[in-house]
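Throughout, my numbering is defined as the position within the sequence shown, counted from one, plus 647.
Glycine is no exception: its CB is placed at the ideal position from the N, C-alpha and C atoms.
Just so you know, these numbers come straight off a predicted model, no measurement behind them.
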Amino acid sequence: MKDFTISHRSIMIVSMLTLSFSFSGLALGASPHTINNHSSFLILTTLTSQDKLQQYKEDVEQQLKKAQNLLQDIESRIDTRSKENQETLKRKMMKLNKELEHAQRVYKNFDSVDPKDWLRDKTEVDAVMANLDMAYDEILPTLHDKSRYLQEAVHHAKLAESFAEEERKNLFLKNSEKAKDYASLAQQEGIDSEPLSESISELNDAIAHINQDKLGAAKTLIRGAYLHLNSAFKEQKDSQ
648 MKDFTISHRS IMIVSMLTLS FSFSGLALGA SPHTINNHSS FLILTTLTSQ DKLQQYKEDV
708 EQQLKKAQNL LQDIESRIDT RSKENQETLK RKMMKLNKEL EHAQRVYKNF DSVDPKDWLR
768 DKTEVDAVMA NLDMAYDEIL PTLHDKSRYL QEAVHHAKLA ESFAEEERKN LFLKNSEKAK
828 DYASLAQQEG IDSEPLSESI SELNDAIAHI NQDKLGAAKT LIRGAYLHLN SAFKEQKDSQ
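Below is the structure:
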């Protein structure tokens with residue numbers, strides 16, 4: 648494991664991206680408070696409350712869809728397992744389905760929340776989605792799906808960055824650790840990628856800095872890790 652210091656390379660990458668996008672925006676006459684909601688480079692702009700709410704809804708909807716897809720994939724393959732494995736999988740599927748249905752009910756109520764007050768209701772949805780994530784985590788390794796591992800690494804790195812901005816240290820740490828675990832699983836499944844290796848190094852350093860209460864440094868590292876994981880995920884999808 649590398650020494651727990653901020654990688655000069657990581658800082659340079661984030662700095663270069665920041666300068667590049669800032670100058671591009673000014674050159675085009677764009678306001679620094681404008682965002683393309685489909686961009687991965689969320690670190691460069693100031694979002695309105697409406698923007699943040701819309702982005703959060705899209706993230707929740709993506710997680711609900713991922714859980715549905717996973718259940719369908721496992722259902723289509725369950726007959727290939729031994730009887731004992733089938734029973735274990737069915738129990739885990741029931742748990743995931745239960746958490747999915749609960750999350751869908753909670754999100755249905757949240758979907759009409761007032762943008763001005765949405766953060767007040769976000770904590771409840773966060774808790775429900777965390778339970779869905781746990782049920783998802785229990786069953787995902789049965790597929791040995793390296794693309795899904797990378798997808799989850801991206802997801803948890805993004806959550807870590809969000810919780811860092813909200814100054815929720817415990818969740819910042821938890822999601823940084825989960826991002827690292829999934830990135831490592833993807834690597835163990837055979838993904839040989841420089842962005843993936845770099846992201847794991849950054850995530851290790853970020854976790855160390857969070858534990859040392861060096862949250863500013865950890866935020867910089869998690870942003871770099873998020874960008875590298877996105878690159879690794881895109882490379883993996885393009886190769887399929």
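By DSSP, does residue i sit in helix, in strand, or in coil?
i, result
"residue 791", "coil"
"residue 686", "Bear in mind that the predicted position of residue 686 carries a pLDDT of just 34, short of 50, making it unreliable; the figure below should be weighed with that in mind. In the structure shown, residue 686 sits in coil (DSSP, three-state: anything other than H, G, I, E or B)."
"residue 731", "helix"
"residue 697", "helix"
"residue 767", "helix"
"residue 837", "coil"
"residue 861", "coil"
"residue 759", "coil"
"residue 724", "helix"
"residue 678", "Only weak support is given to the placement of residue 678: the predicted model assigns it a pLDDT of 34, under 50, and the value that follows is read from those uncertain coordinates. Here residue 678 sits in coil by DSSP."
"residue 845", "helix"
"residue 738", "helix"
"residue 709", "helix"
"residue 815", "coil"
Quick one: residues in its chain with C-beta nearer than 8 Å to the C-beta of residue i, no 5 flanking neighbours on either side, listed in chain order?
i, result
"residue 887", "794"
"residue 811", "819, 862, 865, 866 and 869"
For residue i, tell me which candidate among the options has the shortest Cα-Cα distance.
i, options, result
"residue 851", "873, 838, 839 and 836", "873"
"residue 740", "786, 825 and 803", "786"
"residue 843", "804, 758 and 813", "804"
"residue 881", "807, 800, 699 and 824", "800"
"residue 856", "824, 792 and 884", "824"
Quick one: residues in its chain with C-beta nearer than 7 Å to the C-beta of residue i, no 5 flanking neighbours on either side, listed in chain order?
i, result
"residue 697", "762"
"residue 782", "742, 743 and 746"
"residue 778", "746"
What do you get for residue i, buried or exposed, if any count of 16 or more other CB atoms within 10 angstroms of its CB means buried?
i, result
"residue 755", "exposed"
"residue 732", "exposed"
"residue 826", "buried"
"residue 846", "buried"
"residue 709", "exposed"
Excluding five sequence neighbours on each side, which residues of the same chain lie with their C-beta closer than 6 Å to the C-beta of residue i?
i, result
"residue 707", "754"
Does the region 818-825 touch the region 736-753, meaning 3 or more C-beta pairs lie closer than 8 Å? Output reads no: the region 818-825 does not touch the region 736-753.
When the Cβ atoms of the region 828-836 are set against those of the region 781-799, are three or more pairs found closer than 8 Å? Segment contact: the region 828-836 against the region 781-799, three or more CB-CB distances shorter than 8 Å; contact assigned.
Do the region 759-777 and the region 713-730 make contact, defined as three or more Cβ pairs closer than 8 Å? Result no; under three Cβ-Cβ pairs closer than 8 Å.
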